[in-house]
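Counted the way my numbering counts, the sequence shown spans residues 3 to 83. Cβ coordinates follow ideal geometry from the N, Cα and C atoms, glycine included.
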Amino acid sequence: MIKRYIDDQAIVRETAEWIAEMPDDVERGTALTVLFEECGRMAEAYADPVGVAKLLVNGAVESYHSARGYKAVLSYLGVAA
3 MIKRYIDDQA IVRETAEWIA EMPDDVERGT ALTVLFEECG RMAEAYADPV
53 GVAKLLVNGA VESYHSARGY KAVLSYLGVA A
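This is how it looks when you write it as structure tokens:
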């Protein structure tokens, strides 16, 4: 089950980073909603689905913010990402 969780977390984080690169705000918001819903579905396979869903969503949020923050800093500096 640990390997599955590691794999699920990797998928969620990679997807969140991909979403962060979307140019349209509305599309990003919609995609994040779908990702958060998917976190809930993925978590159903675990003994503590609520706890795992929280962990998966937190991983998504961290990755999204990290990717968006990095892009914002580069934009502020006038450097292409």
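(message) Need the endpoints of the alpha helix (DSSP H) that D26 sits in, please.
(response) Looking at the DSSP string, D26 is not in any alpha helix (DSSP H), and its letter there is neither H nor E.
(request) Please classify E46: does DSSP put it in a helix, a strand, or coil? (result) coil
(request) Go ahead and label Y66 buried or exposed: buried means 16 or more other beta carbons lie within 10 angstroms of its beta carbon, across all protein chains shown. (result) buried
(request) May I have the straight-line CA-CA distance separating E46 from K5, to the nearest angstrom? (result) 16 Å
(request) Using the Cα positions of V63 and A49, report the straight-line distance between them to the nearest angstrom. (result) If I take the Cα positions, the gap works out to 23 Å.
(message) Between which residues of its own chain and R15 is the CB-CB distance below 6 Å, once the five residues before and five after are set aside?
(response) Contacts found: G61, S65.
(message) For P51 and P25, what's the separation of their Cα atoms in angstroms?
(response) 32 Å
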